[in-house]
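Trainee: Residue numbers (our numbering), protein chains in the order written: chain A, 7 to 233; chain B, 7 to 233; chain C, 7 to 233; chain D, 7 to 233. Where a beta carbon is used, it is the ideal one built from N, C-alpha and C, also for glycine. Bear in mind the structure is a predicted one, so any value in this text is a computation, not a measurement.
Protein chains: 4
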Amino acid sequence: MYSIQSHDPRHPANLICSLSNQFFHKEWCLGTGGAMSIEDETSNCIYVTPSGVQKELMKPKDLYVLTKGKEKNQYDPVYTPPLKISDCSPLFLACHEHKQAKAVIHTHSQNAVLITLLYDKEFNISNMEQIKAMPSGAVDSTTGKQINLSFHDNLCIPIIDNKPHEHDLLESLEKVFNEYPNACAVLVRRHGLFVWGPTVDKAKIYNESIDYLLGLAIKMDQLNIPM
Amino acid sequence: MYSIQSHDPRHPANLICSLSNQFFHKEWCLGTGGAMSIEDETSNCIYVTPSGVQKELMKPKDLYVLTKGKEKNQYDPVYTPPLKISDCSPLFLACHEHKQAKAVIHTHSQNAVLITLLYDKEFNISNMEQIKAMPSGAVDSTTGKQINLSFHDNLCIPIIDNKPHEHDLLESLEKVFNEYPNACAVLVRRHGLFVWGPTVDKAKIYNESIDYLLGLAIKMDQLNIPM
Amino acid sequence: MYSIQSHDPRHPANLICSLSNQFFHKEWCLGTGGAMSIEDETSNCIYVTPSGVQKELMKPKDLYVLTKGKEKNQYDPVYTPPLKISDCSPLFLACHEHKQAKAVIHTHSQNAVLITLLYDKEFNISNMEQIKAMPSGAVDSTTGKQINLSFHDNLCIPIIDNKPHEHDLLESLEKVFNEYPNACAVLVRRHGLFVWGPTVDKAKIYNESIDYLLGLAIKMDQLNIPM
Amino acid sequence: MYSIQSHDPRHPANLICSLSNQFFHKEWCLGTGGAMSIEDETSNCIYVTPSGVQKELMKPKDLYVLTKGKEKNQYDPVYTPPLKISDCSPLFLACHEHKQAKAVIHTHSQNAVLITLLYDKEFNISNMEQIKAMPSGAVDSTTGKQINLSFHDNLCIPIIDNKPHEHDLLESLEKVFNEYPNACAVLVRRHGLFVWGPTVDKAKIYNESIDYLLGLAIKMDQLNIPM
Chain A
7 MYSIQSHDPR
17 HPANLICSLS
27 NQFFHKEWCL
37 GTGGAMSIED
47 ETSNCIYVTP
57 SGVQKELMKP
67 KDLYVLTKGK
77 EKNQYDPVYT
87 PPLKISDCSP
97 LFLACHEHKQ
107 AKAVIHTHSQ
117 NAVLITLLYD
127 KEFNISNMEQ
137 IKAMPSGAVD
147 STTGKQINLS
157 FHDNLCIPII
167 DNKPHEHDLL
177 ESLEKVFNEY
187 PNACAVLVRR
197 HGLFVWGPTV
207 DKAKIYNESI
217 DYLLGLAIKM
227 DQLNIPM
Chain B
7 MYSIQSHDPR
17 HPANLICSLS
27 NQFFHKEWCL
37 GTGGAMSIED
47 ETSNCIYVTP
57 SGVQKELMKP
67 KDLYVLTKGK
77 EKNQYDPVYT
87 PPLKISDCSP
97 LFLACHEHKQ
107 AKAVIHTHSQ
117 NAVLITLLYD
127 KEFNISNMEQ
137 IKAMPSGAVD
147 STTGKQINLS
157 FHDNLCIPII
167 DNKPHEHDLL
177 ESLEKVFNEY
187 PNACAVLVRR
197 HGLFVWGPTV
207 DKAKIYNESI
217 DYLLGLAIKM
227 DQLNIPM
Chain C
7 MYSIQSHDPR
17 HPANLICSLS
27 NQFFHKEWCL
37 GTGGAMSIED
47 ETSNCIYVTP
57 SGVQKELMKP
67 KDLYVLTKGK
77 EKNQYDPVYT
87 PPLKISDCSP
97 LFLACHEHKQ
107 AKAVIHTHSQ
117 NAVLITLLYD
127 KEFNISNMEQ
137 IKAMPSGAVD
147 STTGKQINLS
157 FHDNLCIPII
167 DNKPHEHDLL
177 ESLEKVFNEY
187 PNACAVLVRR
197 HGLFVWGPTV
207 DKAKIYNESI
217 DYLLGLAIKM
227 DQLNIPM
Chain D
7 MYSIQSHDPR
17 HPANLICSLS
27 NQFFHKEWCL
37 GTGGAMSIED
47 ETSNCIYVTP
57 SGVQKELMKP
67 KDLYVLTKGK
77 EKNQYDPVYT
87 PPLKISDCSP
97 LFLACHEHKQ
107 AKAVIHTHSQ
117 NAVLITLLYD
127 KEFNISNMEQ
137 IKAMPSGAVD
147 STTGKQINLS
157 FHDNLCIPII
167 DNKPHEHDLL
177 ESLEKVFNEY
187 PNACAVLVRR
197 HGLFVWGPTV
207 DKAKIYNESI
217 DYLLGLAIKM
227 DQLNIPM
């Protein structure tokens with residue numbers, strides 16, 4: 007069963023609110039920008055932010071709770087607040103469905119927007135220690151755990167063009183799933199960043215690491231340091 | 007009836023104080039700079055910040071409370087603290103009067119000052135996701151709700167020249183009301199930004215979104231990225 | 007009588023500690039850098055920060071308390087913590103003595119250091135709204151209150167060269183007192199900023215406003231915007 | 007005897023957690039990056055951060071506690087959390103062993119990464135007031151206290167190349183110990199900064215001061231100001 011009220015700070019509804027507040031103060035989610043979803047491992051419900059709510063003021067009762075329906079790609083609301091659901095929700099559900107994501111983070115990070123204006127189809131970076139916090143896509147055959155990238159490996163984040171409506175990005179996102187099977191993130195030109203992960207902690211760590219690497223790449227550009 | 011003491015964090019006097027504190031920490035209101043006004047929907051009173059008070063230390067008892075007088079454009083104080091009223095108050099009252107604003111935010115944001123030195127009469131930006139948080143000026147004829155800008159739309163913020171005294175900006179502000187009927191903000195050269203909205207939440211969201219877009223435009227200029 | 011323990015947040019010992027903490031988080035006082043003094047109007051005692059203490063951890067019991075001695079420029083400690091007094095203390099006392107300062111703030115602001123590398127003898131700025139938070143040096147003959155600068159006025163902050171020991175800056179500081187009788191601040195090359203004021207609130211407001219203006223000037227330089 | 011639970015905020019386990027949180031908010035330890043160790047003077051135990059934990063969420067129970075073994079350079083765990091120990095731990099232990107460090111701080115500071123891309127073998131800086139917070143390596147023969155650098159002295163921080171595994175940096179680090187006997191820090195190219203000190207307070211002050219100086223040097227480069 008789902009719940010939206012819990013004293014556990016690790017409950018998905020509380021995590022979305024505390025992370026939304028943190029991301030607001032990182033200036034990633036200003037002016038109601040950005041969105042997030044978390045899939046609860048016990049109830050299999052997916053918690054999704056509404057649209058139009060100031061991220062630092064998000065409350066558990068503002069969140070949508072969805073459950074998997076009988077049809078493919080169908081999700082039914084089990085809890086509906088008096089608010090519109092985030093326009094990103096089809097993108098989030100696709101990440102949960104096709105990438106086995108347990109959490110998806112979307113921000114309007116200025117680093118992300120600027121990188122999409124400096125790079126065309128992909129952002130690539132290697133030889134940076136922080137890359138080691140990112141997944142390679144490969145899995146250790148004995149432990150079943152994800153293997154992270156090594157220092158000399160290349161991190162590639164595909165860039166797609168923005169569309170007037172966020173749900174219209176679904177086709178481009180699914181193309182990314184096919185063409186970049188190891189990607190855990192996609193940059194949307196003049197818009198921001200989507201990051202997904204096998205746990206909410208991993209998604210947050212990937213999101214933070216990517217933003218750090220994007221920020222470094224921008225400063226290197228300003229200082230005329232080649233990549 | 008008006009009040010200046012309330013336990014409700016959404017009371018206008020408390021909102022002005024909590025937002026002033028937040029804006030101080032955003033570095034928008036340093037050295038007592040900036041000001042704010044909120045019109046209370048129940049009492050029709052307008053709460054206005056005093057001048058010369060450090061924004062992070064603002065208290066409800068420091069605020070002026072004004073009520074609409076019998077004459078056009080006349081407002082009478084119903085609560086007067088032992089402080090001077092913000093020199094911006096005639097500008098704020100004009101926004102409440104002519105633009106049906108319920109809240110007006112004025113900051114000395116460095117992004118705002120710098121943009122007025124990079125652009126002459128107007129700041130224009132389009133094709134940025136964050137623009138979708140801004141109002142188009144149009145209203146949905148069935149719901150009566152404001153329609154926001156779309157991704158490809160142009161956001162135009164007029165720029166006016168500063169004057170030695172803030173109240174002398176009134177003529178230029180009224181000219182903006184006439185020439186840019188859809189504007190919800192005006193930049194003042196070498197001074198800062200004024201933003202108004204139909205609710206205090208909207209005014210805050212517009213203010214945050216504009217500052218985000220101004221900041222992006224400045225970074226694009228530094229990185230030689232064309233608009 | 008002096009005291010170092012008080013529940014009043016406006017007590018000088020508490021103000022030095024809360025402002026030191028605030029200035030640490032502004033990155034003005036990293037690595038124990040910076041210092042502050044406040045003269046208590048009731049006891050005439052001067053509270054001075056010690057050297058070598060992390061500014062975010064400063065406690066009232068860490069502060070020196072000095073009282074005016076019988077000789078000119080002589081101050082005797084009435085409370086001595088088990089720490090060295092700030093090496094700036096002769097400069098602070100000169101500001102209290104010759105400029106009737108009730109508070110002196112010294113930071114290692116990066117904006118201050120950079121401006122001293124961009125300008126030679128003086129930093130001048132005019133036509134910026136924030137200048138109106140700064141004192142002109144003139145006093146209103148009827149009210150006895152300080153008159154602030156107007157928008158078009160010039161704010162001039164003299165720059166002096168650094169010396170190996172802070173107390174060796176005294177001669178240059180006294181020269182500034184003579185040559186710039188209206189100055190309320192001095193920049194020290196490759197070192198930082200000293201600001202004094204007739205109250206601790208004024209000194210803080212001047213310090214914040216100057217740092218804001220220095221920051222704007224640096225960004226204007228980066229964006230090739232002429233002053 | 008060691009303990010991992012204490013109400014004393016100055017207990018090593020609590021200090022590592024509060025500093026890790028502070029360093030996360032300084033953006034030095036994003037995405038689980040960075041690490042720290044503190045040697046407890048009373049128990050001679052060394053507390054070391056685990057790998058893979060978000061720094062703002064670090065808890066005392068997550069830390070490793072090591073004690074000196076009978077063999078040279080051998081340390082045995084006396085408390086083992088269900089986490090991997092930081093891959094930096096051999097580097098930390100070398101600092102404790104060979105440099106008599108009581109604390110070692112490792113961050114992924116962007117300033118540190120960028121400086122290693124602007125400078126080759128060493129970063130040198132002089133004539134900056136903040137240098138006076140840094141140790142010269144010399145000791146006062148009467149007091150036995152470390153003597154800090156003077157304003158005109160040169161601060162030299164050696165730069166070493168990164169390796170795929172952090173423990174493989176040990177050889178380069180030991181070479182730094184030999185070639186730069188007065189160094190209290192080393193920059194690792196495309197990785198970050200390691201700083202050690204005779205107390206945790208000193209290590210923190212050195213780390214803060216170095217990052218401040220690196221940041222200044224980068225801004226000077228951007229503003230075309232020669233060093």
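1) Assuming residue 108 of chain B and residue 47 of chain B are in contact, meaning their beta carbons sit under 8 Å apart, how far apart are those beta carbons, in whole angstroms?
2) Can you give me, in chain order, the residues of the stretch 175 to 190 of chain A that have a beta carbon less than 7 Å from any beta carbon in chain B?
3) Of all the options A:157, A:183, A:175, A:166, which has the alpha carbon lying nearest to the alpha carbon of residue 172 of chain D?
4) Spatial neighbours of residue 92 of chain A within its chain, please: CB distance less than 7 Å, with the 5 preceding and 5 following residues excluded, ordered by chain position.
5) Taking contact to mean at least 3 C-beta pairs separated by less than 8 Å, is the stretch 127 to 140 of chain D in contact with the stretch 189 to 204 of chain C?
6) For residue 152 of chain D, which beta-bridge partners are listed by DSSP?
7) Hey, how far is the Cα of residue 203 of chain B from the Cα of residue 131 of chain B?
8) Can you list, in chain order, the stretches of the beta strand (DSSP E) that have 3 or more residues and sit fully within the stretch 60 to 129 of chain C?
9) Please classify residue 144 of chain A as buried or exposed, where buried requires at least 16 neighbouring CB atoms within 10 angstroms.
10) Note down, in chain order, every chain D residue with its Cβ under 8 Å from the Cβ of residue 133 of chain A.
11) Quick check on residue 229 of chain A: does DSSP put it in helix, strand or coil?
12) Out of curiosity, what's the CA-to-CA distance linking residue 104 of chain B and residue 208 of chain A?
13) In the DSSP assignment, find the unbroken beta strand (DSSP E) run with residue 164 of chain B in it and report its ends.
14) Compile a chain-ordered list of the residues in the stretch 20 to 45 of chain D whose CB is closer than 7 Å to at least one CB of chain A.
15) How many Å lie between residue 122 of chain C and residue 189 of chain D at the Cα?
16) Could you check where the beta strand (DSSP E) with residue 200 of chain D kicks off and where it finishes?
17) Out of A:230, A:211, A:200, A:224, point me to the one whose CA is closest to residue 95 of chain A's CA.
18) Given a cut-off of 8 Å on the beta-carbon distance, is the pair residue 61 of chain C and residue 30 of chain C in contact?
19) Could you tell me if residue 140 of chain D is buried or exposed, where buried requires 16 or more neighbouring beta carbons within 10 angstroms of its beta carbon?
20) Listing by chain order, which chain C residues have their CB less than 8 Å from the CB of residue 203 of chain D?
21) Please classify residue 114 of chain B: is it buried, with 16 or more other beta-carbons within 10 angstroms of its beta-carbon, or exposed?
22) With burial defined as no fewer than 16 other Cβ atoms inside 10 Å of the residue's Cβ, what is the status of residue 153 of chain B: buried or exposed?
23) Using a Cβ-Cβ cut-off of 7 Å (strictly less than) and excluding sequence neighbours within five positions of residue 215 of chain D, which residues of its own chain qualify?
24) Quick check on residue 211 of chain C - is its C-beta less than 8 Å from some C-beta in chain B?
25) Around the Cβ of residue 45 of chain A, are there at least 16 other Cβ atoms within 10 angstroms (buried) or fewer (exposed)?
26) Mapping the DSSP letters down to three states, classify residue 56 of chain C as helix, strand or coil.
27) Please confirm if residue 77 of chain D has its CB atom under 8 Å from at least one CB of chain C.
28) Rounded to a whole number of angstroms, what is the C-alpha to C-alpha distance between residue 34 of chain D and residue 221 of chain A?
29) Is there a Cβ of chain B sitting closer than 8 Å to that of residue 136 of chain A, yes or no?
30) On the criterion of 16 or more Cβ atoms from any shown chain inside 10 Å, does residue 64 of chain C qualify as buried, or is it exposed?
31) Any beta carbon of chain A sitting closer than 8 Å to that of residue 121 of chain B?
32) Tell me which same chain residues have a C-beta within less than 6 Å of the C-beta of residue 27 of chain B, skipping the five on either side of it?
33) Mind pulling the chain A residues with CB within less than 8 Å of residue 124 of chain D?
34) So the alpha helix (DSSP H) residue 172 of chain C belongs to, where does it begin and stop?
35) Does the CB of residue 139 of chain A have a neighbour CB from chain D at under 8 Å?
36) Figure out for me which residue from C:213, C:9, C:83 has the closest Cα to the Cα of residue 163 of chain C.
Mentor: For this structure:
1) The beta-carbon distance between residue 108 of chain B and residue 47 of chain B, rounded to whole angstroms, is 7 Å. This is short enough to meet the 8 Å contact definition.
2) none
3) A:157
4) 41, 54, 55, 56, 57
5) A contact is defined here as three or more CB-CB pairs under 8 Å, and the stretch 127 to 140 of chain D meets this definition with respect to the stretch 189 to 204 of chain C.
6) Note: residue 152 of chain D sits in a beta bridge opposite D:145.
7) 20 Å
8) DSSP runs (the beta strand (DSSP E)) wholly in the stretch 60 to 129 of chain C: 70 to 74, 81 to 85, 109 to 113.
9) Exposed is the label assigned to residue 144 of chain A, since fewer than 16 other Cβ atoms lie within 10 Å of its Cβ.
10) 168, 196
11) coil
12) Put simply, the backbone Cα of residue 104 of chain B is about 50 Å away from that of residue 208 of chain A.
13) Per DSSP, residue 164 of chain B belongs to the beta strand (DSSP E) from 160 to 166.
14) 36, 37, 38, 39
15) Roughly 29 Å separates the two Cα atoms.
16) Here the beta strand (DSSP E) through residue 200 of chain D covers 198 to 203.
17) A:200
18) Yes, the Cβ-Cβ distance between residue 61 of chain C and residue 30 of chain C is below 8 Å.
19) buried
20) Under the 8 Å cutoff, chain C gives no residues; its nearest Cβ is about 12 Å from residue 203 of chain D.
21) Using a 10 angstroms sphere on the CB of residue 114 of chain B, the tally of other CB atoms reaches 16 or more, which defines it as buried.
22) Residue 153 of chain B comes out exposed.
23) 136, 139, 140
24) yes
25) buried
26) Three-state result, residue 56 of chain C: strand.
27) no
28) 13 Å
29) no
30) Residue 64 of chain C comes out buried.
31) no
32) 62
33) 229, 231
34) Residue 172 of chain C -> no alpha helix (DSSP H), and no H or E assigned at all.
35) yes
36) C:213
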